[in-house]
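Numbering (the numbering used here), first residue to last: 989 to 1279.
In structure tokens:
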């Protein structure tokens, strides 16, 4: 079991340069990929997005890619020697013409802004992508380990709450026959009180009481609850995206618990049902982080 929350980082170096990838993942109903790249390697975005779609699970994943060229800066600076000679010659002519003091030095030439220029280094796309892919693989592996650690913590919590719910359902099951009997006794007492002094058919009254008592029988709900809990327990072990299936089972368990509490018409069973719902609600909240 993996959590949707995690962090991963990967770093790769080669002749093409160095690429560092950081991945941050948070919970989401679907797979959402956001890629943040430097302008110089923007051409990698479709490949990066496709790679992450295939290698990360459900969740919102934000990727940050940093790239450095082996030569350092991605700007290549060049000096226009012809422009330097021409500008220096023209400046000397102006100085002589106007009879100005001072000398022409390097700072004077640079300040003209015409002798130096820069242009972006053209990156070879294939080697850069190979480097980025290695960094992505490392970062995805790192992210998976982080999500697994968080998943193990959540699994322990689920097991603890599952055992609590299973025990509460067992208590309700043990109280089931008593609840039906108590309800029948209350109903018979109420009927006899209302009909006190009047003639009535005792057998008919007992038959009607039996019909009403049958309506509050929660045997079917208990059977379904136990079945759902067994399925929930089995799903806690497999590897893969199980969050949606566990969420569905949680809703089914909550539905059966509500039906049980309503049908039983028993104070003790209602209290136990409230405890189950409290535990299942905590499970449901945590399930929002499971892949």
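In this text, a Cβ means the ideal position worked out from N, Cα and C, and glycines have one as well.
A check of alpha carbon separations from residue 1097 across 1178, 1067 and 1160 identifies 1067 as the nearest. Residues of the same chain with their beta carbon placed closer than 7 Å to that of residue 1085 are lacking, with the five preceding and five following residues left out of the count.
Residue pairing of residue 999 in beta bridges, as defined by DSSP: 1008. As DSSP reads the structure, residue 1022 sits in a beta bridge with 1050.
If the five residues before and after residue 1026 are omitted, its C-beta is found closer than 8 Å to the C-beta atoms of 1053, 1054 and 1055, all from its own chain and listed in chain order. A contact between stretches requires three or more CB pairs, one per stretch, nearer than 8 Å, and the stretch 1035–1052 fails this requirement with the stretch 1142–1155.
Three or more beta-carbon pairs drawn from the stretch 1201–1217 and the stretch 1243–1259 are found closer than 8 Å, and the two stretches are therefore classed as touching. Contact between the stretch 1123–1140 and the stretch 989–1007 is present, with at least three C-beta pairs closer than 8 Å. Here the alpha carbon of residue 1160 sits roughly 10 Å from the alpha carbon of residue 1252. Residue 1241 is positioned such that its CB atom lies no closer than 8 Å to that of residue 1275.
Within a 10 Å sphere around the beta-carbon of residue 1116 sit 16 or more other beta-carbons, which makes this residue buried.
Annotated three-state conformation of residue 1036 is helix, per DSSP.
Of the other Cβ atoms in all chains shown, fewer than 16 fall within 10 Å of the Cβ of residue 1195; this residue is therefore exposed.
In this model, residue 1033 and residue 1013 are separated by some 18 Å (Cα to Cα). Each residue's CA atom was taken as its position, placing residue 1048 and residue 1231 some 15 Å apart. Of the candidates 1093, 1010, 1236 and 1119, 1010 places its Cα closest to the Cα of residue 1130.
In the structure shown, residue 1278 falls within a strand segment according to DSSP collapsed to helix, strand and coil. Burial check for residue 1091: the Cβ neighbour count within 10 Å stays below 16, so the residue is exposed. By the CB criterion at 8 Å, residue 1071 and residue 1023 fall outside the cutoff.
Assignment of residue 1014 by DSSP, reduced to helix, strand and coil, places it in the strand class. Per DSSP, the unbroken alpha helix (DSSP H) holding residue 1238 starts and ends at 1231–1252.
Under the three-state reduction of DSSP, residue 1116 is assigned to helix. Between residue 1094 and the set 1073, 1019 and 1114, the nearest pair of CA atoms involves 1073. Taking residue 1225 as reference, the option from 1030, 1080, 1142 and 998 with the minimal CA-CA separation is 1142.
The Cβ-Cβ distance between residue 1254 and residue 1170 falls below 8 Å.
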